[in-house]
Amino acid sequence: MRISTKFTYEDLQAIPQDRNRYEIVEGELFVTPAPIPLHQRIAGNLYAELRQHIRKHSLGEVLMAPVDVVFSDSTVLEPDIVYVSRARQDIIGEKNLSGSPDLVVEVLSPSTQRLDRRVKPKQYALYGVPEFWRIDPDAEIVEVFRLANDAYEQAASLGFGDELTSPLFPGLSLPVATLWER
Numbered sequence: 048m049r050i051s052t053k054f055t056y057e058d059l060q061a062i063p064q065d066r067n068r069y070e071i072v073e074g075e076l077f078v079t080p081a082p083i084p085l086h087q088r089i090a091g092n093l094y095a096e097l098r099q100h101i102r103k104h105s106l107g108e109v110l111m112a113p114v115d116v117v118f119s120d121s122t123v124l125e126p127d128i129v130y131v132s133r134a135r136q137d138i139i140g141e142k143n144l145s146g147s148p149d150l151v152v153e154v155l156s157p158s159t160q161r162l163d164r165r166v167k168p169k170q171y172a173l174y175g176v177p178e179f180w181r182i183d184p185d186a187e188i189v190e191v192f193r194l195a196n197d198a199y200e201q202a203a204s205l206g207f208g209d210e211l212t213s214p215l216f217p218g219l220s221l222p223v224a225t226l227w228e229r
């Protein structure tokens, strides 16, 4: 459900907390229901794998939703997972991230398809997020996008038999199938 009013980060903070997710894109409020269990399983498994690797190699910090990423006063998004390299830790504040993380991950849900496929990637590119991963639970694929000339180019489309790697995480080779494990 979209509500047509120009919202700011201050407005977003004033909304009472419930089970919904609230994000604003160029002042437009997007409200989506809480994620389903499969979404959370995939996001949780990826978060656990990334966190272990990042901590072991002192690469930075990985955070899992809910966490606000404040790109501007009128664009505040809540990716499922964000990674901030050690060199950029200053964007992590007490209540939010203020600026672009090095990586954002979105796990698709039926209620967020349009937002996660069209709206959010445009904003992530606009604000210079270097890498964006989109996970489709139903198709069982992980799509990796890298920023080039202010737009994302698909670097990989990975299925169950593939390994997820990234220049952001030297030495990480994660079997895609592990993301779906119970």
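Note that the numbering used here has the sequence shown beginning at 48, numbered continuously upward. Glycine included, C-beta positions come from ideal geometry on N, C-alpha and C.
CB of residue i within 8 Å of CB of residue j, strictly
i, j, result
"residue 133", "residue 107", "yes"
"residue 128", "residue 94", "yes"
"residue 74", "residue 121", "yes"
"residue 56", "residue 114", "no"
"residue 72", "residue 191", "no"
"residue 193", "residue 186", "no"
"residue 211", "residue 189", "yes"
"residue 80", "residue 98", "no"
"residue 92", "residue 200", "no"
"residue 86", "residue 168", "no"
Enclosing beta strand (DSSP E) for residue i [first to last residue]
i, result
"residue 107", "107-111"
"residue 215", "Segment: none, residue 215 is in no beta strand (DSSP E) and carries neither H nor E."
"residue 71", "68-72"
"residue 114", "Here residue 114 belongs to no beta strand (DSSP E), and DSSP marks it neither H nor E."
"residue 153", "150-154"
"residue 75", "75-79"
Opening and closing residue of the alpha helix (DSSP H) in which residue i lies
i, result
"residue 58", "56-61"
"residue 85", "84-103"
Nearest-angstrom Cα separation, counted from residue j out to residue i
i, j, result
"residue 119", "residue 126", "15 Å"
"residue 135", "residue 148", "8 Å"
"residue 96", "residue 153", "16 Å"
"residue 177", "residue 222", "22 Å"
"residue 143", "residue 213", "25 Å"
"residue 83", "residue 77", "18 Å"
"residue 197", "residue 172", "6 Å"
"residue 157", "residue 181", "14 Å"
"residue 37", "residue 62", "Any property of residue 37 remains undetermined from this structure, which presents the chain solely from 48 to 229."
"residue 69", "residue 112", "12 Å"
"residue 209", "residue 59", "39 Å"
"residue 217", "residue 100", "9 Å"
"residue 130", "residue 102", "12 Å"
"residue 109", "residue 224", "21 Å"
"residue 54", "residue 124", "13 Å"
"residue 215", "residue 140", "22 Å"
Heavy atom of the ligand PLP within 7 Å of residue i beta-carbon
i, result
"residue 77", "With respect to small molecules bound, the structure shown includes none, and the ligand PLP cannot be examined in it."
Beta-bridge pairing of residue i - partner residues as DSSP gives them
i, result
"residue 193", "178 and 200"
"residue 165", "For residue 165, which the question treats as bridged, DSSP gives no partner whatsoever."
"residue 210", "222"
"residue 188", "183"
"residue 124", "116"
"residue 130", "109 and 150"
"residue 205", "189"
"residue 145", "117"
"residue 139", "144"
Interface flag, residue i vs chain C, CB-CB below 8 Å
i, result
"residue 172", "Here chain C cannot be found, since the structure has a single protein chain."
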